[in-house]
Amino acid sequence: MISAISGIGSVTSTTGVAAKAAAAPTGAMSFGQVLADVATGAVNTMKAGEATAISGITGNTSVQKVVESVMQAEQALQTAIAVRDKMVSAYQEISRMAI
Amino acid sequence: MIIDPLRAAGAIAASGLDAQSVRLKVVAENMANAQSTGATPGADPYQRKTVIFASEFDRLLGAPTVSVKDVAGDESAFPLDYDPGNPAADKNGYVKMPNVNPLIEMADMREASRSYEADLQMVKQARTMTSQMLDLLRNT
Amino acid sequence: MEPVYLFDLASRHANWASVRQSVLTSNVANANTANYQRMDIEPFSEVLDETSLTLASTAPGHLNINGTEVGAVDDGTVDTWEAKETGGPVKLESELIEADQVNRGFSLDTAVTRAFHRMLLASVRSGA
C-alpha cells in the first residue's frame, strides 16, 4: 500500500518534472513538487497512523488519538489514490492523442 | 498523566460499583442480624457494621478510584431488653440487643442503592462514549 | 478545502469532555467517601482561550487566517488531572446532570467529525 503511493513520487523523478521543479525559484510551488509532497505526506501520515494504532493496542495511547490518527491516514490515502488515478487517466489521454 | 480519560472513567465507575455493592451487602447483613443476640448469659450480641470508603490515586489511570478501606464495627451501645427467659439474659433478666435500627438500615439501603445506580449510569456513559468514538472508524 | 479547524475544535472538545467525564465519575464514585470535596476542571471556553486554534501546517505555503505563515501548533489536549476542588460535598443529581451535558457535547463532536470525514472522502473520490 505504501509502496504504491511512493510510486507517485517516483513518477515525477522519472519524467524529469522534479528536475525542473528543483530548478524553479524557491517560493513557487511547481506541479512536480506538489505531487511529491502529496505522496510523501500520505506515506508519513499512514506510518503515523500505524504507529499510533500499535501504541493504542498496547494501551499507551488513548482511543481518541488512535481514531483521529487512523482517520487522517484514511483521508491521506484517499487523496493520494485520487491523485494517482487522475495522473493515470491524464497519461492515457495524452497517449491517445494522434501524433 | 491521564493516558486515556474514557478508560479512566470506566475504571473509576467500576470501582464505585464494587464499593457500593460491599456497602449493600453490609446493610443486608445488619438487617438480617437485627435480632441476633448472644448465646450465653451477658454475652454481646451482633454488632452493627459500617463501611468506610477511601479514595486512592491510581497511577496507571491517572485518576482517584474509590475502594472500601475498612468494614468497621459500630461502637455505639447495645440497647437492653427485658427478657428473663432468654439464654442471653444477665442476672437481672436484661438481654443486650444488637445496636441495629431497622429504620436507619432501610434509609442506608436506599442511599446505597441510589449510589449504586448512579455508578452504573456512569459505567454505561463511559461505554457509550468509547463506542461512539470507535464508530468513527466504522465504514458507511 | 479541508475543514481542519473543525476537526481540531471537535477533537479538543471531545478530549476535554472525556477528561471531565472521568472527573464527574470520580465525584459520583466518592459520594460516600469521608472528607471528599467535589472536583471539576476548567470550562472549555478557557481551554480555547489559552491555546490558539491555528491551521496545522501540512505543507509549505499553507497560510493562517492572517495570511502569514504558521509556526508550531499548541496541541491543547488536556492530559493532566488538573481538577480543582470546588469545595462542598458531592450531590449525586448535580453530577448526573453535568455528565448528561458532557455526553451530549461529546456525541455532537463525534457526529460532526464523522459527517465531515465522510464528506471529505466522498469529495476526494469523486474528483472534486
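Quick note, the sequences are listed as chains A, B and C, same order.
Residue numbering for the first sequence follows the working numbering, beginning at 15 and increasing consecutively.
Residue numbering for the second sequence follows the working numbering, beginning at 16 and increasing consecutively.
Residue numbering for the third sequence follows the working numbering, beginning at -6 and increasing consecutively.
Yeah, the Cβ is synthetic: ideal placement off N, Cα and C, and Gly gets one too.
Just so it is clear, the structure is predicted and the values come from calculations on it, not from any experiment.
Fill in: Same chain only: Cβ atoms within 7 angstroms of E120(B), ignoring 5 sequence neighbours per side
Along the second sequence, one-based indexing puts residue 120(B) at 105. Answer for E120(B): V42, N45, M46, listed in chain order.
Discussion item. With H, G and I counted as helix, E and B as strand and the rest as coil, what does DSSP make of D99(A)?
Written reply: Numbered from its first residue, the first sequence carries residue 99(A) at position 85. Three-state DSSP puts D99(A) in a helix.
Worksheet item: Is it buried or exposed for E86(C), if we count other Cβ within 10 angstroms and need 16 for buried?
Response: Indexing the third sequence from 1 puts residue 86(C) at position 93. Flag for E86(C) reads exposed.
Worksheet item: Going along chain A, which residues have a C-beta under 7 angstroms from L76(B)?
Response: Stepping through the second sequence from its first residue, residue 76(B) is reached at position 61. The premise fails here: L76(B) is roughly 11 angstroms from chain A at the closest Cβ pair, so nothing lies under 7 angstroms.
Discussion item. Just checking: is the beta-carbon of I18(B) within a distance shorter than 8 angstroms of some beta-carbon in chain A?
Written reply: Taking the second sequence and counting its residues from 1, the one referred to as residue 18(B) is at position 3. So yes, I18(B) belongs to the interface.
Fill in: Sequence-distant residues of the same chain with beta carbon closer than 8 angstroms to S157(B), five excluded per side
Absent from the model: residue 157(B). The displayed extent of chain B is 16 to 155, so no value can be given.
Worksheet item: Residues in the segment 83 to 99 of chain C with C-beta within 8 angstroms of chain B's C-beta atoms, listed in sequence order?
Response: If the cut-off is 8 angstroms between Cβ atoms, the segment 83 to 99 of chain C has L85, E88, L89, A92, N96, F99 near chain B.
Fill in: Buried versus exposed, by CB contacts within 10 Å (16 or more), Y61(B)
Counted from its first residue, the second sequence places residue 61(B) at position 46. Its Cβ being crowded by 16 or more others within 10 Å, Y61(B) is buried.
Practice prompt. Please list the partners that Q78(A) has in chain B, where partner means a Cβ-to-Cβ separation under 9 angstroms.
Written response: Looking up residue 78(A) in the first sequence gives position 64. Near Q78(A) (Cβ distances below 9 angstroms), the residues of chain B are D19, P20, L21, M148.
Worksheet item: Just the Cα atoms here: how many angstroms apart are N48(B) and A108(C)?
Response: The residue labelled residue 48(B) in the question sits at position 33 within the second sequence. The residue labelled residue 108(C) in the question sits at position 115 within the third sequence. Per the coordinates, the alpha-carbon of N48(B) lies some 59 angstroms from the alpha-carbon of A108(C).
Discussion item. With a threshold of 7 angstroms (Cβ to nearest heavy atom), would G100(B) be considered close to the ligand FAD?
Written reply: Inclusion of the ligand FAD in the displayed structure is not the case, the ligand content being empty and no account of it being possible.
Worksheet entry | Opening and closing residue of the beta strand (DSSP E) in which F93(B) lies | In the second sequence, residue 93(B) corresponds to position 78, counting from 1. Neither: F93(B) is in no beta strand (DSSP E) and is coded neither H nor E.
Worksheet item: Under 8 angstroms between the Cβ atoms of L21(B) and T145(B)?
Response: If you number the second sequence from 1, residue 21(B) lands on position 6. If you number the second sequence from 1, residue 145(B) lands on position 130. At a Cβ-Cβ threshold of 8 angstroms, L21(B) and T145(B) count as neighbours.
Discussion item. Please tell me whether A104(A) has its Cβ less than 8 angstroms away from any Cβ of chain C.
Written reply: Residue numbering aside, residue 104(A) sits at position 90 when the first sequence is read from its first letter. Not closer than 8 angstroms to any Cβ of chain C, the Cβ of A104(A) fails to qualify, so no.
Fill in: R110(A) at chain C interface by Cβ criterion, 8 angstroms
Indexing the first sequence from 1 puts residue 110(A) at position 96. Among the CB atoms of chain C, none fall inside 8 angstroms of the CB of R110(A).
Practice prompt. Compare the C-beta of L17(C) against all C-beta atoms of chain A and say whether one is closer than 8 angstroms.
Written response: Looking up residue 17(C) in the third sequence gives position 24. No - not a single Cβ of chain A is within 8 angstroms of the one on L17(C).
Worksheet item: Do the segment 18 to 32 of chain C and the segment 125 to 136 of chain B make contact, defined as three or more Cβ pairs closer than 8 angstroms?
Response: As far as the Cβ criterion goes, the segment 18 to 32 of chain C touches the segment 125 to 136 of chain B, which means the pair count is three or higher.
Discussion item. Strictly by DSSP, which residues pair up with F72(B)?
Written reply: Against the second sequence, residue 72(B) aligns to sequence position 57. DSSP output for F72(B) lists P79(B) as bridge partner(s).
Worksheet entry | Nearest candidate by alpha-carbon position, reference D51(A), set V97(A), S103(A), A67(A), E107(A) | In the first sequence, counting from the first residue as 1, residue 51(A) sits at position 37. Looking from the CA of D51(A), the closest CA among V97(A), S103(A), A67(A), E107(A) belongs to V97(A).
Worksheet item: Which term fits V66(A), buried or exposed, when burial requires 16 or more other beta carbons within 10 angstroms of its beta carbon?
Response: As a first step, residue 66(A) is located in the first sequence; it is residue number 52 there, counting from the start. First, the amino acid is wrong: residue 66(A) is Thr here, not Val. Per the 10 Å Cβ criterion, buried.
Worksheet entry | Unbroken alpha helix (DSSP H) run spanning Y(-2)(C), endpoints | As a first step, residue -2(C) is located in the third sequence; it is residue number 5 there, counting from the start. For Y(-2)(C), the enclosing alpha helix (DSSP H) starts and ends at -3 to 22.
Fill in: Residues near T29(A) by beta carbon distance below 7 angstroms, same chain, minus five either side
Here residue 29(A) is taken as the residue at index 15 of the first sequence, counted from 1. Model confidence at T29(A) stands at a pLDDT of 49, short of 50, so the residue's coordinates are unreliable; what they give is reported in the following sentence. Once the five neighbours on either side are set aside, T29(A) has no close Cβ partner at all.
Practice prompt. Report yes if the C-beta distance between S36(B) and Y131(B) is below 8 angstroms; otherwise report no.
Written response: Here the question's residue 36(B) lines up with position 21 in the second sequence. Here the question's residue 131(B) lines up with position 116 in the second sequence. Closer than 8 angstroms, so yes.
Item to complete: Would you give the residue range spanned by the beta strand (DSSP E) that V110(B) belongs to?
Response: Along the second sequence, one-based indexing puts residue 110(B) at 95. For V110(B), the enclosing beta strand (DSSP E) begins and ends at 109 to 111.
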